[in-house]
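Those protein sequences? They're chains A and B, same order as listed.
So for the first sequence, my numbering puts the first residue at 1; every next one is plus one.
So for the second sequence, my numbering puts the first residue at 285; every next one is plus one.
Each residue gets a CB set at the ideal place from its N, CA and C atoms; glycine is no exception.
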Amino acid sequence: MLTEQKIKELELQAESLRETIVEMLTAAGSGHTAGPLGMADIFAAFYFYILKHDPHNPGWEERDRLILSNGHIVPVRYAAMAHAGYFPVAECLTLRKFGSRLQGHPERLRLPGLETTSGPLGSGLSQAAGYAYGARMDDKKFRVYCAMSDGEQDAGNVWEAAMFAGNNKLSNLTAIVDRNNIQINGMTEHVMPLEHLRAKYEAFNWHVIEVDGHNIREFVDATEQAKAIYERPTVIIAHTIPGKGIKEIEFDYRWHGKPPSKEEAQKFLAELRTLKGKIASEHQ
Amino acid sequence: MLNPSAKLDSEFEKEFASKKSSDLLATHGQTFSSQTPSLAATRDGFGKGLLELGEKDPRVLALCADLAESTRMLAFKEKYPERYIELGVAEQNLASVASGLANYGKIPFIASYAAFSPGRNNEQIRTTISLNNVPVKIVGSHAGLSVGPDGATHQALEDIALMRVQPNMCVLSPCDAEEARKATRAAATHNGPVYIRLAREKTPVMTTLASPFEIGRANLLWLGENPQVTIFATGPLTYQALMAAQELESEISVSVINVHTIKPLDTAAVVAAAKNTGAVVTVEEHQIAGGLGSAIAEALAQEYPVPMEFVGVRDQFGQSGNPAELLAHYKLDTPAIKEAVKTVFARKLQ
Chain A
1 MLTEQKIKEL ELQAESLRET IVEMLTAAGS GHTAGPLGMA DIFAAFYFYI LKHDPHNPGW
61 EERDRLILSN GHIVPVRYAA MAHAGYFPVA ECLTLRKFGS RLQGHPERLR LPGLETTSGP
121 LGSGLSQAAG YAYGARMDDK KFRVYCAMSD GEQDAGNVWE AAMFAGNNKL SNLTAIVDRN
181 NIQINGMTEH VMPLEHLRAK YEAFNWHVIE VDGHNIREFV DATEQAKAIY ERPTVIIAHT
241 IPGKGIKEIE FDYRWHGKPP SKEEAQKFLA ELRTLKGKIA SEHQ
Chain B
285 MLNPSAKLDS EFEKEFASKK SSDLLATHGQ TFSSQTPSLA ATRDGFGKGL LELGEKDPRV
345 LALCADLAES TRMLAFKEKY PERYIELGVA EQNLASVASG LANYGKIPFI ASYAAFSPGR
405 NNEQIRTTIS LNNVPVKIVG SHAGLSVGPD GATHQALEDI ALMRVQPNMC VLSPCDAEEA
465 RKATRAAATH NGPVYIRLAR EKTPVMTTLA SPFEIGRANL LWLGENPQVT IFATGPLTYQ
525 ALMAAQELES EISVSVINVH TIKPLDTAAV VAAAKNTGAV VTVEEHQIAG GLGSAIAEAL
585 AQEYPVPMEF VGVRDQFGQS GNPAELLAHY KLDTPAIKEA VKTVFARKLQ
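Okay, structure coming up:
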């Protein structure tokens, strides 16, 4: 039951993930900032409410599978996994460093719980569809989730997968598109327009739900609704703010692929630690 | 079982040195006859092997990109429709859906023409199959020039190179239909990604049910008396290599080794043969760059360099024509192999 109390907890958890994201990216000295911050609410909802999973048994057969297609936002997944107990939060500071299990883009064989290896965009939805197809053959009850970016929708492979999943009515598959409207070269609608995205997925026989990606109740409700759709896969188009939580970088596509400097990080962390302005930050 | 890596052993010498090549082939169940070979395509052997696997292992699935009949997945599709998955003309999806299925616990075989898979979907294979190290079996049919009239677009001449450079990937290139059947079965039990290269054309069947097949173990098919040159051949051109050996019998004694596994390469057998004969020819229906010849050159350059000649495609695309015309034009036929043997033999004597 998603109580108001639980939602508050998840929102706080999302803020913790954002702090960890800023810390790990700053320590790494490279990586992507906007996407992970924008998806923090959704990953908090996944790891602390939606997913059936066991951090102490990452290979549990009945677990829900979360495939991260846009591997470059993996800091949000690492942060969520660490906070959920898969590994110590301190290990997050090894991100992108030699010998670390936390590769710049996720590698399944290096860290239990990642489900797959990704980075090159466009093939996560296919893998999730394969997973869902196999699970359905064996009457498995777990669900398969696939998180994608919106810029990724430029890739033809995405639409091959969308056609396949729609054709096969993979109702155990729920995709999430992080609709933050930015990609490396600029705004998505300037680089390669995606609209009308809803109509495109509908035309491929998907059930489409649009939500505010920072409204945890809306997102959780959408994942629940998807479970009740038996005849087609569901895609949740989650409208998010890139860089969410740090006013200075929100909506700015230039933060897609760079990390904060040490000075910026201090400022950003101070902003994140005010409980949305309710308290004074320890850094102020 | 014949063990080429033990070729230089006295035991090996004892067993085979006195025998004629034809006896050797007979000993190991091969029925090589240059006069009236029976013909079958390696893709047919794959179809048979896949059908056998369907019976044997319920985890085996067949995924196809709109080419069920020509890749010979059709029989499996008809017998096990619930385990056949249609992808349509979408090779990138073919590879990455299979990755998901394998990651979940299935053993998917994915089939298309080699020009498209692994041609078009190379990155998906690299990231979602090889780097992920999941047991997807990639079947590239219609490889080589012998696709014939379809022309250069459909003549994959670089697929071995593409697959050989990916860590975790095993690369199989069977010489005939029977070996393709065995390779298919072996691929299913190999714990990891495998590429199987197949051809469209019917070609001579040199091996039999009893012939040995083990991934990573090359097979000696022909051993002339006191051989002076070793031919390493892969795929259906192995037959032309045997023909060349036979036709050269009175001139230059040759041994022929069928390298059905290009990766992992049977380095021990390759080095032993190079030490034995001191001269090497490689034969493949593929670009010389990155193919069997390259693999063997890499091994010998490090371990035992000897004069070497390459029979393969020389940095060119193919074109329309019938298979025999094309093999002759691109110098992959029996006369070309004989020429290479003579050249390398002369170099050895210098």
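Check	Outcome
Beta-carbon proximity of B:Gly574 to B:Ala470, cut-off 8 Å	no
Which residues DSSP lists as bridging A:Ile182, in chain order	A:Met187
Which listed residue (B:Ala395, B:Ser383, B:Val597 and B:Gly389) has its alpha carbon closest to that of B:Glu370	B:Ala395
Within-8 Å CB hit, A:Thr33 to chain B	no
Residue-chain proximity (B:Leu371, chain A), Cβ-Cβ < 8 Å	yes
Validate contact between the stretch 234 to 253 of chain A and the stretch 203 to 211 of chain A using beta carbons, cut 8 Å, 3 pairs	yes
Reduced DSSP category for B:Cys459 - H, G, I as helix; E, B as strand; rest coil	coil
Cutoff 7 Å; reference A:Ser30; Cβ partners in own chain excluding five residues on either side	Arg96 and Pro259
8 Å Cβ cutoff, B:Leu337 in contact with chain A	no
Residues from the stretch 399 to 425 of chain B in contact with chain A, defined by Cβ distance under 7 Å	Glu407, Gln408, Thr411, Thr412, Leu415, Asn416 and Asn417
C-beta atoms of B:Pro607 and B:Glu485 nearer than 8 Å	yes
Through-space distance from B:Thr468 to B:Leu334, alpha-carbon basis	7 Å
Where the beta strand (DSSP E) through A:Ile67 begins and ends	Arg65 to Leu68
A:Ala147 vs A:Asn57 beta-carbon contact at 8 Å	no
Minimum Cβ-Cβ distance from A:Arg136 to chain B less than 8 Å	no
Terminal residues of the alpha helix (DSSP H) in which B:Lys632 lies	Thr618 to Leu633
Cutoff 6 Å; reference A:Ser149; Cβ partners in own chain excluding five residues on either side	Asn70 and Asp178
Short CB-CB distance (under 8 Å) between A:Arg108 and chain B	yes
Anticipated Cβ contact below 8 Å, B:Pro402 with B:Asp443, distance rounded	6 Å
Which of helix, strand or coil DSSP assigns to A:Ile176	strand
Where A:Gln127 meets chain B, residues with beta-carbon distance less than 8 Å	Ser380, Val381, Ser383, Gly384, Asn387 and Thr412
Anticipated Cβ contact below 8 Å, A:Glu23 with A:Cys92, distance rounded	7 Å
Contacting residues, own chain, Cβ-Cβ under 7 Å from A:Asn157 (five flanking each side not counted)	Gly122, Ser123 and Ser126
Chain A residues whose Cβ lies nearer than 7 Å to that of B:Lys390	Gly134
Residue burial classification, A:Asp64 (beta-carbon count within 10 angstroms, cutoff 16)	buried
Candidates B:Gly384, B:Cys454 and B:Ala556, of which the one nearest B:Ile546 by Cα	B:Cys454
Backbone CA spacing between B:Gln408 and B:Ala382 [nearest angstrom]	10 Å
Start-end ranges of the alpha helix (DSSP H) lying completely within the stretch 413 to 456 of chain B, minimum 4 residues	443 to 448
Buried/exposed call for A:Glu160, threshold 16 Cβ in 10 Å	buried
Per-residue DSSP class, three states only, for B:Trp506	strand
Under 9 Å from the C-beta of B:Ala395: neighbouring residues of chain A	None at all; the shortest Cβ gap to chain A is about 16 Å.
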